[in-house]
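> Can you read through this structure? Questions will come right after.
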Amino acid sequence: MSDTTTQDAPPASRPQSGPATTPTTPPAAARGGQKDGRGAKRPGQRLGAQVLVECLEQAGVEYIFGLSGGAAIPIFDALVDSKIKLLLVRHEQGATHMADGYARATGKPGVVLVTSGPGATNTVTGLLTAHMDSAPLIVITGQTLQANLGSDAFQEADVTGITYPVVKHSYLLKDGADIPRVVREAFYIAQTGRPGPVLIDVPKDVSQGPCTPREVGALDLPGYRVPGRGASEDIKALAEKLARSRRPVLYVGHGAVISNAGPAVMALAEKLRAPIVNTLLGKGAADETHELHLGMLGMHGTAYANKAVTDCDLILAIGARWDDRITGKLDAFCTDAVKIHIDVDPAEFNKVVRPDLTVLGDAKRVIEELLPLVSRLDTEAWLAQCATWRRRYPLKYARRGGLRAQHVLDRLDALTAGQTIITADVGQHQMWAAQFCRTREGRRWITSGGAGTMGFGFPAAIGAKLARPDEEVWAVVGDGGFQMTFAELATAAVHEVAVRCLVINNNYLGMVRQWQEMFFENRLSGVDLKGNPDFVKLAEAYGVKGLRIRRAGDIDRKLEEARAHLGPVVIVAEVVKEDNVFPMIPAGAPLSHMIIEAPTSKLDKPDGST
Amino acid sequence: MAAPEPAATVAAPGDAATNRGDLHTISLLVSDRPGVLVRVALVFARRGYNIESLVVSPGARGGFSRMTITCSGDPATLSQIIKALGKLVDVVQATDHTEDRAHETEIALVKIASTLDQRTAILQIAEHYSAKVVDYGSESLILRAVGASDKLDTFIELLRPFGIVELVRSGKILMARGLLET
Ligand SMILES: Cc1ncc(C[n+]2csc(CCOP(=O)(O)OP(=O)(O)O)c2C)c(N)n1
Ligand SMILES: [Mg+2]
């Protein structure tokens, strides 16, 4: 390392602690000369980090959610001169969920930047969350010098290795010249086909070393195929099967939201006169307030949605994957119904159920091509039956005997009339929000479905609000989950991100308590959140407005007060402690075993998992 | 000791695959990138599938490698595995060859510690299987046999009574016949 080169190079990061500078570090020669990151840089030549940031700018990145550290300092340094806005988070998990919220609110990848070792491992939960729900994320992790890889150097971790199972794809960027190609591929892969997170691990010698980017021509990804339109013969076969149905159900999932198939699905439902149900993540693909929409199906879905699925003669999955939360006991699921599956991911076919017909393609394009081939079905009797179920088994809750989460969410739905983006955390409040806050458009309902990640809701709302600043954005979180990521109150406060965070405080890990009450003889174990802070004071400690709802009579006034506030606000609803979510299909039970109201007799332990 | 008669079912070298139990054979064309082997292996590991043999070699085109994998496990999972492999960005093609008549072959090196009086019997077996003696020592022999995997299985079983000290098999490789792509 000659002195003459250091003047062009950025200041080397100060070692963070002893081990980084111990003599065990191989001499520069052994590390491959310039590979230590301070190789000769010609005047005017840029550094890897600068090229990386430029490529991110070219990809249209507005925000980076991140937290720095030794191995990432060069990249943070390059951000100083960039128009990309950096949001400093308080925990890397928060960064991933913010980026995820941003991504789900827009369809564009959210970008995360963290340091090596623990910074990178703190993103693993966020990667899983995004991977399970097909959200496009670009996670850039600083890495130690390449020469130190595998040497247990300070903050070295095999980050690509740790994350293989939770990414759509990943890169270890070994050569700065590849930066433009890797960034371009990463963005393309993250957001096309079935979207997902892509990780780029950037060794420090690449980021702080001189960089001569290699021109990128056409994308060269021979192993990556993005299905587009469906095969005409499949779509024709689909139309023929539909024509024979008298009791059809359109079962709409996240894929329909992602491909923006909502309007086409609505048109299909209207043309066929077929009822719609949606999954937790499919909320909003089609308007849940439409007369043909029966709401959410599955474990905590509406009774009428589940009854329709139980009795249908044809079920058409549109970007939905027959999750165990949906099917319950598989052997008993839609045994006599014709099952059809439209998906952009062929690996979803035959994974859970064996459909009678599969159509590979983008949901929107497939439905649009299907539309001219179908005509009105004879479904009047079927729709009348669905209407009867809807009347007989409405979603309901008690308005007396203390404040109910459902009441608060019901009013939130009424006051906002769907003109809002709601992000929900995980637990009872999530299910109540899904039931009562009816979603009218895609990308207005954001929650962690596949992973069920507590702590997701609040940071996701920050990301969504940044992405769509003109929208009213509500986070609905539990007292348990909020405490996993509430440190991002600082992020919201500093950047004046005007999210409304509704904390449903039942002083319990409520969803688990419900299971223990129902299936474990109410032997409560590890669910009491004694020791909760005063969430209003907590918000105020961050300089964030705090409001409290104690009684049903306060609901509208406080919600309106929160809506009118210009900055971020936390509204704590102090709800009854021991309410349960119904309807409920015990895990692993057939849909017909749905418990519509609180049971009076003892229930068996569920067979299904979680 | 007389050489046991080789089983009549034994295929001649180069014969089509006669599948051994629940073994499946998959051929992958992959981009030659670091980490691709781990990504492939994880698809199997996550589903509790056992990889029996795995051969990686350069493909005909630069920048691509060919992987031939034999594995065991339930057939329903296998089709999911093939689809999951096909989804990997670095996997260009994933094909199940379990049922087809691809040409397959394998090499086995077998080291036998043998006294001189056993040699005739061993060499008779070797001759029957067109195996070559590649190392002839006073206390040991190394035989090299080439052929379909199940043929090698039988060959090795016949040698077992003589005391196999070491066994190294290359793992199965295969190629689709005619102008079909592997
Ligand atoms: C990170 C994480 N840990 C544990 C769980 C298991 N879990 C699911 S719901 C739940 C309770 C959530 O409690 P709270 O946030 O207060 O919401 P509530 O159910 O009370 O509305 C738990 C612990 C989870 N989903 N995620
Ligand atoms: Mg709670």
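Chains D and H are the protein sequences, given in the same order.
Counting from 1, one number per residue, gives the positions in the first sequence under the working numbering.
Counting from 1001, one number per residue, gives the positions in the second sequence under the working numbering.
Even glycine gets a Cβ: it sits at the ideal position worked out from N, Cα and C.
Fair warning: this is a prediction, and the values are worked out from it, not measured in the lab.
Label S134 (chain D) either buried or exposed according to how many other C-beta atoms from any shown protein chain fall within 10 Å of its C-beta, with 16 as the threshold for buried.
It is buried - the Cβ of S134 (chain D) has at least 16 other Cβ atoms within 10 Å.
> Report yes if the C-beta of Q406 (chain D) is less than 8 Å from at least one heavy atom of ligand 2; otherwise report no.
Q406 (chain D): no, Cβ never under 8 Å from ligand 2.
> Which first and last residues belong to the beta strand (DSSP E) in which R1169 (chain H) is found?
1164-1169
> Taking the alpha helix (DSSP H) that P682 (chain D) belongs to, which residues open and close that run?
The requested residue 682 (chain D) does not occur in the structure, where chain D is confined to residues 1 to 610.
> Decide if N507 (chain D) is buried, meaning its Cβ has at least 16 other Cβ atoms within 10 Å, or exposed.
buried
> Compare the C-beta of H169 (chain D) against all C-beta atoms of chain H and say whether one is closer than 9 Å.
Interface annotation, H169 (chain D): in contact with chain H, CB-CB separation under 9 Å.
> Just the C-alpha distance for M633 (chain D) and D234 (chain D), rounded to the nearest angstrom, thanks.
Nothing about residue 633 (chain D) can be reported from this structure: the residues present for chain D run from 1 to 610 only.
> Between L360 (chain D) and the rest of its own chain, which residues show a CB-CB distance below 6 Å, the 5 nearest in sequence each way excluded?
Closer than 6 Å at Cβ, skipping near neighbours: P227, P346.
> Looking at the C-beta of N350 (chain D), does it have a partner C-beta in chain H at a distance below 9 Å?
Chain H, which has a Cβ nearer than 9 Å to the Cβ of N350 (chain D), makes this yes.
> To which residues of the same chain is G37 (chain D) closer than 6 Å at the C-beta, ignoring the five residues directly before and after it?
Low per-residue confidence applies at G37 (chain D): pLDDT is 44, beneath 50, and the placement is therefore not dependable, though the value from the model is reported in the following sentence. Cβ contact annotation for G37 (chain D) (same chain, cutoff 6 Å, sequence separation greater than five): K204, D205, Q208, G209, in chain order.
> For a contact meaning CB atoms closer than 7 Å, what does G1062 (chain H) contact in chain D?
Within 7 Å Cβ-Cβ: nothing; G1062 (chain H) doesn't reach chain D, min ~13 Å.
> Return the CA-CA distance between L47 (chain D) and V257 (chain D), expressed in angstroms with no decimal places.
40 Å
> In chain H, what lies closer than 7 Å to P189 (chain D) by C-beta?
According to the sequence as given, residue 189 (chain D) is Ile; it is not Pro. For I189 (chain D), the C-beta contacts it makes with chain H under 7 Å involve V1089, in order along the chain.
> Whole angstroms are fine: how far does the CA of V576 (chain D) sit from the CA of V527 (chain D)?
15 Å
> For a contact meaning CB atoms closer than 9 Å, what does Q1080 (chain H) contact in chain D?
A347, N350, K351
> Who pairs with T1068 (chain H) in a beta bridge, going by DSSP?
H:S1027, H:V1055
> Is there at least one non-hydrogen atom of ligand 2 closer than 8 Å to the beta-carbon of N580 (chain D)?
no
> Does the Cβ of G1171 (chain H) lie closer than 8 Å to at least one heavy atom of ligand 2?
no
> Could you work out which residues of chain H lie near L172 (chain D), taking near to mean beta carbons separated by less than 9 Å?
P1034, G1035
> How long is the line joining the alpha carbons of A1084 (chain H) and V1043 (chain H), rounded to whole angstroms?
7 Å
> DSSP state of I585 (chain D), grouped into three classes?
coil
> Does the distance from the CB of M98 (chain D) to the CB of E496 (chain D) come in under 9 Å?
no
> Could you tell me which residues DSSP pairs with W445 (chain D) in its beta bridges?
D:I422
> To the nearest angstrom, report how far apart G553 (chain D) and I73 (chain D) are at their CA atoms.
52 Å
> Just to confirm my understanding: we take A317 (chain D), look at its own chain, exclude 5 residues before and 5 after, and list those with CB closer than 6 Å. What are they?
Y251, H341.
> Which residues of chain D have a Cβ atom closer than 7 Å to the Cβ of L1042 (chain H), listed in chain order?
Y164, P165
> With 16 other CB atoms within 10 Å as the buried threshold, where does D410 (chain D) fall?
buried
> With a Cβ-Cβ cutoff of 9 Å, do G1147 (chain H) and T1105 (chain H) count as a contact?
yes
> What residues of chain D sit near R1039 (chain H), judged by a beta carbon separation below 7 Å?
Y164
> What distance in whole Å lies between the Cβ atoms of I446 (chain D) and R104 (chain D), which are believed to be in contact at a cut-off of 8 Å?
Correct: roughly 5 Å between the Cβ atoms.
> To be precise: take each residue of the stretch 206-221 of chain D, compare its Cβ to all Cβ atoms of chain H, and keep it if any distance is under 8 Å. Which residues remain?
L221
> Short check: CB of A1113 (chain H) to CB of F1155 (chain H), under 9 Å?
For A1113 (chain H) and F1155 (chain H), no; Cβs fall outside 9 Å.
> State yes or no: is the C-beta of G117 (chain D) nearer than 8 Å to some heavy atom of ligand 1?
No, the Cβ of G117 (chain D) stays beyond 8 Å of every heavy atom of ligand 1.
> Is the Cβ-Cβ distance between M594 (chain D) and K283 (chain D) less than 9 Å?
no
> For N306 (chain D), report the span of its alpha helix (DSSP H) as first-last.
303-311
> Identify the continuous beta strand (DSSP E) that holds H1103 (chain H) and give its terminal residues.
1103-1113
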